[in-house]
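Participant: Sharing a structure here in structure tokens format.
Written out as structure tokens, the structure is:
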């Protein structure tokens with residue numbers, strides 16, 4: 001069973017630009033969550049999608065947005081990039097069923113550097 | 001507001017000894033607690049979990065203890081092996097909160113051969 005795939009793995013942008021990151025979940029998984037990892041801050045929850053609907057949202061500004069497609073693939077977008085957006089962006093999938101106990105399956109992440 | 005806290009950013013342990021990683025939380029609405037392990041250049045992987053109605057869960061060399069009154073959990077690794085060297089994240093799931101899992105800031109464990 002293929003794991004969670006994130007593209008691109010690495011990218012460099014300049015301030016003010018925008019970026020789109022992509023995530024393909026494990027086949028059959030309907031929930032996709034996004035996290036931002038920065039040194040000293042751990043994994044900060046961005047948002048979670050299920051069946052093309054955003055169900056949960058973290059405490060990030062509106063420059064961070066996402067969407068999910070009918071095949072469960074997800075994208076996140078960051079507009080008007082700032083230096084502080086430099087981070088590892090992790091996508092995680094899960095089955096999405098009631099009774100799920102918290103196990104997430106992560107991709108390897110997209111490393112974004114903003115210059 | 002960091003609802004899951006790991007106050008030790010790093011820990012060094014000799015091979016064969018016990019590693020104890022600690023985690024504190026503030027939200028009483030968490031119903032499952034999990035530990036994830038992360039190697040450099042890889043995504044986190046699930047290690048072990050515990051329900052809020054239990055106080056201990058064991059899986060091989062890994063044991064998680066939960067003290068609800070103190071809002072504290074710990075991960076014990078016995079015996080520690082060099083391959084255990086990684087960053088360990090404590091995480092918690094909201095009860096009824098769909099698929100939202102909150103993570104701590106991580107503890108970097110180094111097991112010295």
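Chains as they are written, first to last, in our numbering: chain L, 1 to 115; chain B, 1 to 113.
Think of the CB as a built atom: it goes at the ideal place given N, C-alpha and C, for glycine as much as any other residue.
For clarity, every value in this text was computed on a predicted model and none was experimentally measured.
Answer with yes or no whether the minimum CB distance from residue 80 of chain L to chain B is below 8 Å.
Facilitator: For residue 80 of chain L, the answer is no, since every Cβ of chain B falls outside 8 Å of its Cβ.
Participant: Provide the residue(s) that pair with residue 66 of chain L in DSSP beta bridges, ordered along the chain.
Facilitator: BP columns for residue 66 of chain L point to L/76.
Participant: In terms of DSSP beta bridges, what is residue 58 of chain B paired with?
Facilitator: In the DSSP output, where bridge partners are listed per residue, residue 58 of chain B has B/63.
Participant: Within the chosen definition, does the region 94 to 111 of chain L reach the region 55 to 73 of chain B through at least 3 CB pairs nearer than 8 Å?
Facilitator: They do not touch, by the three-pair rule.
Participant: Is residue 75 of chain B helix, strand or coil by DSSP?
Facilitator: Strand at residue 75 of chain B.
Participant: Expressed to the nearest angstrom, what Euclidean distance is found between the alpha-carbon atoms of residue 47 of chain B and residue 92 of chain L?
Facilitator: So the alpha carbons of these two residues sit roughly 15 Å apart.
Participant: Run the CB neighbour count on residue 29 of chain B, radius 10 Å, all protein chains shown included, and call it buried at 16 or more, exposed below.
Facilitator: Exposed, because fewer than 16 other Cβ atoms sit within 10 Å of the Cβ of residue 29 of chain B.
Participant: Along chain B, which residues have their Cβ under 8 Å away from the Cβ of residue 45 of chain L?
Facilitator: Ordered by position in chain B, the residues that pass the 8 Å Cβ test against residue 45 of chain L are 100, 101, 102 and 103.
Participant: Helix, strand or coil: how does DSSP classify residue 81 of chain L here?
Facilitator: In the structure shown, residue 81 of chain L sits in coil (DSSP, three-state: anything other than H, G, I, E or B).
Participant: Tell me the residue span of the beta strand (DSSP E) that contains residue 110 of chain B.
Facilitator: First-last of the beta strand (DSSP E) with residue 110 of chain B: 107 to 112.
Participant: Going by beta-carbon coordinates alone, are residue 6 of chain B and residue 105 of chain B separated by less than 8 Å?
Facilitator: The answer is yes: Cβ separation under 8 Å.
Participant: My understanding is that residue 34 of chain B touches residue 107 of chain B, with C-beta atoms under 8 Å, so please give their C-beta distance in whole angstroms.
Facilitator: In fact, because the Cβ distance is near 14 Å, the residues do not count as touching under 8 Å.
Participant: Nearest chain D C-beta to residue 61 of chain B closer than 8 Å, yes or no?
Facilitator: Protein chains in the displayed structure are L and B, and chain D is not among them.
Participant: If contact means a Cβ-Cβ distance below 9 Å, which residues of the region 32 to 49 of chain B contact chain L?
Facilitator: Within the region 32 to 49 of chain B, the residues whose Cβ lies closer than 9 Å to some Cβ of chain L are 32, 33, 34, 36, 38, 41, 42, 43, 44, 45, 46 and 49, listed in chain order.
Participant: Could you work out which residue in L/5, L/33, L/8 and L/15 is closest to residue 68 of chain L when comparing CA atoms only?
Facilitator: Cα-wise, what sits closest to residue 68 of chain L is L/33.
Participant: Determine the burial state of residue 31 of chain L: buried for a count of at least 16 other Cβ atoms within 10 Å of its Cβ, exposed for fewer.
Facilitator: Buried.
Participant: If we ignore side chains and look at the alpha-carbon of each, how far apart do residue 18 of chain L and residue 49 of chain L end up?
Facilitator: Distance between the alpha carbons of residue 18 of chain L and residue 49 of chain L: 21 Å.
Participant: How many Å lie between residue 14 of chain B and residue 79 of chain B at the Cα?
Facilitator: Their Cα atoms are separated by approximately 9 Å.
Participant: Does the beta carbon of residue 83 of chain B sit closer than 8 Å to a beta carbon anywhere in chain L?
Facilitator: Answer no: the Cβ-Cβ gap between residue 83 of chain B and chain L never drops below 8 Å.
Participant: Quick check on this structure: which residue in B/50, B/70, B/68 and B/37 has the alpha carbon closest to the alpha carbon of residue 83 of chain B?
Facilitator: Nearest C-alpha to residue 83 of chain B: B/37.
Participant: Just to make sure I have the definition right: I need the residues of chain B whose C-beta is within less than 9 Å of the C-beta of residue 17 of chain L. Which are they?
Facilitator: Under the 9 Å cutoff, chain B gives no residues; its nearest Cβ is about 25 Å from residue 17 of chain L.
Participant: Going by C-alpha to C-alpha distance, which of B/66, B/85, B/113 and B/16 sits closest to residue 10 of chain B?
Facilitator: Considering only alpha carbons, the answer is B/85.
Participant: Helix, strand or coil for residue 83 of chain B, going by three-state DSSP, please let me know.
Facilitator: Note: residue 83 of chain B maps to helix in three-state DSSP.
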